[in-house]
Each structure stands twice: as structure tokens, then as C-alpha cells.
Amino acid sequence: MLSSSTVNTTHWKADFLCSAGCSDWWGGSIDPNNKNATFGYGASNRPIAQPANVTGSIPFHNVVIDHFDIDLTKAKRGQADWDTLVKGGL
10 MLSSSTVNTT
20 HWKADFLCSA
30 GCSDWWGGSI
40 DPNNKNATFG
50 YGASNRPIAQ
60 PANVTGSIPF
70 HNVVIDHFDI
80 DLTKAKRGQA
90 DWDTLVKGGL
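This is how it looks when you write it as C-alpha cells:
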């Protein structure tokens, strides 16, 4: 997880830099060549009761539940950028 990741009492943002095997995981996968990938999101106005507890529950998304489509090919970086990211730059 990168240092740009953040957490507070109402939300979290996790930034990851994968060095290998980042397009599949237990129970799913993603095709980095997909030009129309669908992602879902949700929001709640109820705070997380125990934000420091990694096993704590997340309230039901009572404000919005939706999805969006994105062209994943636009997220690709060149090898030089990748090498710099892995070394902690960019």
C-alpha cells in the first residue's frame, strides 16, 4: 500500500502498486485490456463505528449505490514510469 492511502472516520482510500499478479485474485479477475470495464461504488451518511478495527462492519450504503464504466487501457504506464513507481518515485 502506498503512502498516498488515507483513512478517516468517514472514508478510506487505498492506493496500491502491484508488482505482479494484480489482475486476478481469489474469486475474481480484471482484464487490463478491457475498454469498457464496469466498477461499482456506494456511499453512506453513517460513520463507521470503529474505524481502527479492521474487522469492524461498514454501514449499508444508504445514500447511493451505482456503477460506472471505464477504459482500463488508459491506465497503462510505460516501463520507465513503472520502474520509477516501483522505486518510490512519481
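Going by my numbering, the letters in the sequence shown line up with residues 10 to 99, in that order.
Where a beta carbon is used, it is the ideal one built from N, C-alpha and C, also for glycine.
- Here residue 91 carries a helix assignment [DSSP, helix/strand/coil].
- Counted as a single uninterrupted DSSP element, the beta strand (DSSP E) harbouring residue 47 occupies residues 46 to 52.
- With contacts defined by Cβ atoms closer than 9 Å, residue 46 and residue 24 do not form a contacting pair.
- If you look at residue 78, you'll find it in the beta strand (DSSP E) that goes 73 to 79.
- The Cβ atoms of residue 54 and residue 71 sit closer than 9 Å to each other.
- Taken atom to atom, the span from the alpha-carbon of residue 49 to that of residue 75 is near 6 Å.
- Shown here for residue 19: same chain residues with a beta carbon closer than 6 Å to its own, the five before and five after excluded, namely 56 in chain order.
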